[in-house]
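In the working numbering, the protein residues as written are 64 to 527. Every residue, glycine too, gets a C-beta built ideally from N, C-alpha and C. Values in this document were obtained by computation on a predicted structure and should not be read as measured data.
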């Protein structure tokens, strides 16, 4: 039996072959740059990559939002979702800005009615309750002594950023410390990057925001002599998944690496980051909402490949109004198809070995760590939110992205290009939006307000 050997091909040889295929055009001319200043090259070699943290194996949990203001209709949402394969729910309060004008009133009577036919110990439940996070946590824990995986979502720093104010750091610090001491839940705290992302942040800015939030909570726990390993395990991390496939995969992989580096730097025993991902509100459009299905599918695929623990998909009509049952079904079935029919979850870390993704992951990790360190040197996240520095840095990226859309460097299918001029208005549920009252905070800042990329074109169309 003869033994065949293959000549080892160098990176230079690959580059020469690529340039030959390009008929003299330089390979470097195909390099693109992200909003973090990271060069995305057309060709990578193994020597340019670095080691990354291992990803979880198995299927992620399928999450669906419960946000109908009517309790009976919200119960119907729950029944339909659980019957069709959903195993995690996000309960939205009518006082949550994240509910986009919907959500239900959360009190003891409503909870008893809402969950009377639901085995809470068999599913995961997340709370999206706005500024009433502590009182709502007490209500849900009183109602359901027996529950499964539960995320209370206590995140005063995230609320400071989203609502534009608070009553001061001492109040927030005490709330976090009391929650860690008093509440019994899988995840008590939340480090949420969605506010930064949906306000226009780059990938590294979003990750640095998450890391800085988590660091604050760990410091507050340490000040109260609360075990830091236990505290780290009690933090749910929230991140956005967008239609930018490879960026999303690398960003989520980078998050796990950054989490490991943070714990290592603080001398805390390692525990895997628990990541809840949600499809980007920033990427959805009102016009031609069917395109949102394509965006959501790519985002879901990317989040699954990236290694999230739980994923929620915004229905395709999320930007228009309260989504009907049909839209919610399509949203949850995207996940079911990728898990059950495409067997996406049966391969552990499928992007491992991709020189492109691993290199991109390493670069995003490095950039996010740099932003995180700069924030800490400048007195930390809270000081930078109070001064407006965080908002200013995110605004610069957001404006650059807007310019790229206007210059047609970026494209929104169905909105900025390939527009359906015969499109009819898309029907959503006829439910009035709820206005969330913003308190008169003692300390006020410029909030990180969610803004969709499509808004500039939709506004132009309305004005025409």
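Between the options, which lies nearest to residue i when the distance is taken from Cα to Cα?
i, options, result
"residue 448", "232, 431 and 367", "232"
"residue 122", "322, 138, 399 and 236", "399"
"residue 124", "476, 401 and 522", "401"
"residue 396", "294, 334, 415 and 144", "144"
"residue 346", "304, 427 and 201", "304"
"residue 155", "142, 137 and 171", "137"
"residue 134", "157, 213 and 105", "157"
"residue 222", "519, 521 and 510", "510"
"residue 251", "279, 294 and 478", "294"
"residue 166", "180, 132 and 182", "132"
"residue 299", "277, 384 and 316", "277"
"residue 572", "519, 498 and 491", "This structure leaves residue 572 out entirely; the chain is present only between 64 and 527."
"residue 189", "171, 168, 175 and 211", "211"
"residue 229", "193, 246 and 439", "193"
"residue 415", "313, 438 and 507", "313"
"residue 275", "350, 207 and 324", "324"
Assuming residue i and residue j form a contact by the criterion Cβ under 8 Å, report the distance between their Cβ atoms to the nearest whole angstrom.
i, j, result
"residue 306", "residue 358", "4 Å"
"residue 370", "residue 119", "6 Å"
"residue 382", "residue 464", "Contact flag wrong, Cβ pair sits at about 17 Å."
"residue 161", "residue 191", "5 Å"
"residue 151", "residue 186", "6 Å"
"residue 99", "residue 267", "4 Å"
"residue 107", "residue 418", "4 Å"
"residue 311", "residue 365", "4 Å"
"residue 174", "residue 203", "7 Å"
"residue 475", "residue 517", "5 Å"
CA-CA distance, residue i and residue j?
i, j, result
"residue 473", "residue 97", "12 Å"
"residue 467", "residue 103", "17 Å"
"residue 129", "residue 242", "24 Å"
"residue 14", "residue 213", "This structure gives no information on residue 14, because the portion of the chain shown stretches from 64 to 527."
"residue 483", "residue 460", "29 Å"
"residue 70", "residue 360", "41 Å"
"residue 64", "residue 72", "Model confidence at residue 64 stands at a pLDDT of 49, short of 50, so the residue's coordinates are unreliable; what they give is reported in the following sentence. Computed Cα separation, rounded: 25 Å."
"residue 523", "residue 184", "49 Å"
"residue 88", "residue 80", "12 Å"
"residue 413", "residue 504", "47 Å"
"residue 394", "residue 404", "15 Å"
"residue 272", "residue 84", "42 Å"
"residue 458", "residue 176", "43 Å"
"residue 90", "residue 82", "6 Å"
"residue 384", "residue 493", "8 Å"
"residue 431", "residue 315", "12 Å"
"residue 153", "residue 326", "28 Å"
"residue 521", "residue 284", "45 Å"
"residue 253", "residue 76", "48 Å"
"residue 342", "residue 356", "11 Å"
"residue 508", "residue 335", "33 Å"
"residue 440", "residue 220", "18 Å"
If we count the other Cβ atoms within 10 Å of its Cβ and call it buried at 16 or more, is residue i buried or exposed?
i, result
"residue 373", "buried"
"residue 226", "buried"
"residue 94", "exposed"
"residue 488", "exposed"
"residue 406", "exposed"
"residue 318", "buried"
"residue 485", "exposed"
"residue 353", "exposed"
"residue 292", "exposed"
"residue 260", "buried"
"residue 480", "exposed"
"residue 391", "buried"
"residue 182", "exposed"
"residue 422", "buried"
"residue 433", "exposed"
"residue 178", "buried"
"residue 437", "exposed"
"residue 320", "buried"
"residue 146", "exposed"
"residue 409", "exposed"
"residue 506", "exposed"
From the DSSP output, which residues share a beta bridge with residue i?
i, result
"residue 340", "302 and 374"
"residue 281", "According to DSSP, which records beta bridges pairwise, residue 281 is partnered with nothing at all."
"residue 250", "214"
"residue 125", "374"
"residue 90", "Paired residues: none, contrary to the question."
"residue 95", "103"
"residue 153", "128 and 189"
"residue 506", "229"
"residue 385", "492"
"residue 480", "476"
Determine whether the Cβ of residue i lies closer than 8 Å to any Cβ atom of chain C.
i, result
"residue 516", "Chain labels in this structure do not include chain C; a single protein chain is all it has."
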